[in-house]
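Chains as they are written, first to last, in my numbering: chain A, 299 to 426; chain B, 299 to 426.
Heads up: the structure comes next, in structure tokens.
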DNA sequence: CTTGTAAATGCGAATAATTCGCATTTAGGA
DNA sequence: TCCTAAATGCGAATTATTCGCATTTACAAG
């Protein structure tokens, strides 16, 4: 079972309310008046990850960012060229995950919050 | 335009033939008799990424791993507990990507090769 | 086939990200 | 209230990634 601590509550709330995935360093900066160490943040995120409370992925600059999992998680389209993001507003993977569960009895944890690609604007600009 | 070099061809072939995503260090180890630097490998992977030749994601131990993109790319289910992988054998995201393109004119680059979750075996074992 | 030049690479150092060890504190069950 | 395993702070160690600069190379132009 998971102990309820100040550090964990703070980090979970940050992630719940954030409109984008956060790195350990991001969280550290946001909590810098709270006397919480970077190593604790890393450990907390790791614990959350193992308990399926958060998902993680590589951001475009190669740091790892975390998002809250669960029912009302979000998804973003991020352009690899201009890095603008579009809030998808829904999870496009529900059906896929159900199919995977039916076929393989494999329970997918929601993740892959950032969906990378090329936005309309960059596409028409670069191919012209 | 992208120059054709020995380093690039070697790395591309490795990724094409690999049955799992590879880290920069993995590639370095596999090519250690070829006199290629780690920094070149990083630069090459970065170039490939920007040109949509490879996709990248965070592996379970927080290093970044790369996979070849394109028509015959693969997908794997990886259990967060035992780390066993299952080859999905097809891309479950084609339809989703098409829908996203229709709605947002956003061209998703294939990625998210590793799909994390809990496998049947670990699930029945841990919940018992 | 030569030559010029921008791009790619090797090398090694610098930086940034992540993990670890250990002493201290704390949550929560007994 | 007490006990103990788990969580945290602190700082050092390790690992991953990036950078600067000199040298080499792909390839387009002549």
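We put the CB at the ideal spot given by N, CA and C, even for glycine.
All values derive from a computational prediction rather than experimental measurement.
If residue i and residue j are in contact, beta carbons under 8 Å, what's the gap, nearest whole angstrom?
i: residue 416 of chain A; j: residue 389 of chain A; result: Not a contact, Cβ separation roughly 22 Å.
i: residue 410 of chain B; j: residue 410 of chain A; result: 4 Å
i: residue 342 of chain A; j: residue 305 of chain A; result: 6 Å
Counting only the same chain and skipping the five closest in sequence on each side, list residues whose C-beta sits under 7 Å from that of residue i.
i: residue 349 of chain B; result: 300
i: residue 426 of chain A; result: Residue placement at residue 426 of chain A cannot be trusted, given a pLDDT of 36 that sits under 50; what the coordinates show is reported in the next sentence. Once the five neighbours on either side are set aside, residue 426 of chain A has no close Cβ partner at all.
i: residue 384 of chain A; result: 374 and 375
Could you give the first and the last residue of the continuous beta strand (DSSP E) run that contains residue i?
i: residue 385 of chain A; result: 383-385
i: residue 412 of chain B; result: 412-416
i: residue 374 of chain B; result: 374-377
For residue i, collect the residues of the same chain with a Cβ closer than 8 Å to its Cβ; drop the 5 residues on either side in sequence, then sort them by chain order.
i: residue 312 of chain B; result: 320, 325, 328 and 329
i: residue 397 of chain A; result: none
i: residue 362 of chain B; result: 321, 322, 354, 355 and 356
Take residue i and list the residues in its own chain whose beta-carbon comes closer than 6 Å to its own, dropping the five residues that flank it on each side.
i: residue 314 of chain A; result: 366
i: residue 339 of chain B; result: 322, 325 and 326
Strictly by DSSP, which residues pair up with residue i?
i: residue 364 of chain B; result: B:320 and B:354
i: residue 259 of chain A; result: As shown, chain A starts at 299 and ends at 426. That puts residue 259 of chain A outside it, with no answer to give.
How would you write the range of the alpha helix (DSSP H) that residue i sits in, first residue to last?
i: residue 307 of chain B; result: 304-315
i: residue 347 of chain A; result: 336-348
i: residue 392 of chain A; result: 392-402
| Using a Cβ cut-off of 7 Å, which residues of the stretch 320-343 of chain A contact any Cβ in chain B, in chain order? | none
| query | Using a Cβ cut-off of 7 Å, which residues of the stretch 410-424 of chain A contact any Cβ in chain B, in chain order? | reply | 410, 413, 414, 415, 416, 417, 418 and 421
| said: So if I threshold CB-CB distances at 9 Å, which residues from the stretch 382-395 of chain A count as touching chain B? | reply: 384, 386, 390, 391, 393, 394 and 395
| Residues of the stretch 359-370 of chain A whose Cβ lies closer than 7 Å to any Cβ of chain B, in chain order | 360 and 362
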